[in-house]
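J.: Next up is a structure, given as structure tokens.
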Amino acid sequence: MPLTASTVSFLRWKVLVRPRARITGATLSYAVPKLTIHVIIRCTERGKPSVPPGSSGRGATEVGEDTHVTTDRTDERDGDLAPSGSPQPSPAAPEPEEPERPLGVVAAADAGVASAVQAAEHARAQFTEVVRTPEITRRLALLWDPPAPATRGRKPRLTLDDVVRAGTAVAQEGGLDALSMRRVATELGVGAMSLYTYVPGRTELVDLMIDRAYAELDLPAAGAPWRTALAQYAHELWNLYLRHPWILQTNMWRAPLAPHVLDAQEAGLRTIVDTGLSELQVVDTLGLVDNYVQGLARATVAERTERDATGVGNDEYWTTLGSFWEDWFDVERYPVMTRVYVAGGFDAPQGPFDASLDRLLDAVEMAIDRANSGPAG
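In terms of my numbering, the sequence shown opens at residue 35 and continues consecutively.
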């Protein structure tokens with residue numbers, strides 16, 4: 035799964051960066067990999083009296099805690115914030131002003147991302163808004179608390195695991211383009227409508243298939259040397275993608291919030307979290323490893339797919355184009371390419387994954403050494 039640096043989206047509320055604004059609230063969205071926290075907080079200009087609800091006076095910037103601002107547009111009037119489309123707050127008794135605090139961040143300990151968010155140091159959040167819909171609730175419950183097989187009455191013909199296995203078999207053979215509820219039903223020898231007893235639809239089925247695949251990972255144990263553990267993590271993902279290339283057809287930035295997917299992310303973070311790198315550096319570093327593995331896996335799978343479809347391997351393909359170098363290649367136009375070629379730079383080793391991973395881990399080691407060396411004297 036992809037792991038990118040934590041970002042903080044302010045919905046373009048410029049009041050958050052104005053030095054004369056006391057931040058006790060705004061609408062924030064923390065886009066931490068695999069986790070988004072929506073926050074509603076109160077924002078009041080320092081040095082200005084609160085404007086009574088319903089007034090249209092200039093400088094009115096107070097947003098009640100029961101007001102949900104859903105627009106991401108900003109309407110600025112002489113530097114004052116007026117969220118476009120935001121409803122008027124309901125009348126309420128004025129609250130005592132809180133003591134001013136420096137800009138901080140949500141201590142989202144329950145979410146397990148306090149330090150990643152804290153490293154951004156952009157805003158203080160006081161109220162957390164959790165948005166639930168029936169569709170999302172059902173989708174997550176299927177991953178975290180799937181229904182147990184019936185123990186009374188007639189034994190059902192299928193189980194949820196049967197459906198997930200059949201879906202995986204279809205994807206293994208034809209990729210996700212071949213996956214449909216009807217095709218899975220055919221694989222199981224049942225009617226398509228009977229599958230909806232187990233999964234609401236294709237999206238939920240793909241979630242379950244991905245989680246089932248990630249359960250195959252042999253993740254590094256806690257306490258292992260960081261380089262050994264991170265190399266194991268990378269190799270496990272590499273082999274997983276080659277075993278199940280259909281996973282690479284999904285949007286890895288929106289991988290399901292599933293138990294085994296999060297287990298993999300937890301294990302990856304754990305490999306380097308105590309090396310001296312900051313939390314942001316930990317996230318960036320693991321994202322670099324993830325992107326390397328996924329990128330090379332995609333290229334490898336694409337080459338295998340092309341070879342299987344045409345019957346022509348990579349070496350054979352380039353041999354057929356050998357005349358290009360004699361008839362068209364211009365050494366004066368491409369002097370650097372010529373130099374690298376003559377020196378054997380394009381003679382790829384047999385194990386490109388391991389060789390490149392070693393160089394990547396060397397770079398991580400240098401970053402760790404730099405982080406632990408302290409400021410230069």
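Virtual Cβ for every residue (Gly too), placed ideally from N, Cα, C.
All values reported here derive from a predicted model rather than from experimental measurement.
(1) From Tyr232 to Thr185, what does the alpha carbon distance come to, in whole angstroms?
(2) Round the Cβ separation of Trp280 and Gly209 to the nearest angstrom and send it over; I've been treating them as touching at under 8 Å.
(3) Going straight from the alpha carbon of Phe387 to that of Ala333, what length do you get?
(4) Could you check where the alpha helix (DSSP H) with Asn285 kicks off and where it finishes?
(5) Helix, strand or coil for Trp272 per DSSP?
(6) With burial defined as no fewer than 16 other Cβ atoms inside 10 Å of the residue's Cβ, what is the status of Arg111: buried or exposed?
(7) Can you tell me whether Met400 is buried or exposed? The criterion is at least 16 other CB atoms within 10 Å of its CB, across all chains shown.
(8) Let me confirm a value: Val455 is counted as buried when at least 16 other C-beta atoms fall within 10 Å, else exposed. Which label applies?
(9) Any beta carbon from chain D within less than 9 Å of Tyr351's own beta carbon?
(10) Report the option in Thr372, Val316, Glu360 and Glu350 whose CA atom is closest to the CA atom of Val398.
(11) I think Trp260 touches Thr309, with their Cβ atoms under 8 Å apart; what is that distance to the nearest whole Å?
(12) For Pro181, which three-state DSSP category applies?
(13) Could you give the first and the last residue of the continuous alpha helix (DSSP H) run that contains Trp352?
(14) If the criterion is Cβ atoms closer than 9 Å, does the pair Arg191 and Val224 meet it?
(15) With DSSP as the reference, label Tyr230 as helix, strand or coil.
(16) Tell me the DSSP secondary structure of Thr193 in three-state form.
(17) Once you ignore the five residues that flank Trp272 on each side, which residues in its own chain have a CB closer than 8 Å to its CB?
(18) Grab me the residues of Ala226's own chain with a C-beta within less than 7 Å of its C-beta, minus the 5 sequence neighbours each way, in chain order.
(19) Does the beta-carbon distance from Leu242 to Ala175 come in below 9 Å?
(20) Can you grab the Cα-Cα spacing for the pair Ile244 / Thr353, in whole Å?
(21) Return the CA-CA distance between Ala200 and Ala263, expressed in angstroms with no decimal places.
(22) Does DSSP put Val198 in a helix, a strand or coil?
T.: Taking the coordinates as given:
(1) 16 Å
(2) 5 Å
(3) 11 Å
(4) Unbroken run through Asn285: none, as it is neither H nor E.
(5) helix
(6) Residue placement at Arg111 is poorly supported in this model, since its pLDDT is 38, which falls under 50; the coordinates still yield a value, given next. Exposed is the call here.
(7) exposed
(8) One cannot answer for residue 455 here, as it falls past the ends of the chain, which runs 35 to 411.
(9) You won't find chain D in this structure, because it holds only one protein chain.
(10) Val316
(11) 5 Å
(12) coil
(13) Asn348 to Thr354
(14) yes
(15) helix
(16) coil
(17) Val327, Leu330, Ala331 and Phe387
(18) Met215, Arg216 and Ala219
(19) no
(20) 38 Å
(21) 33 Å
(22) helix
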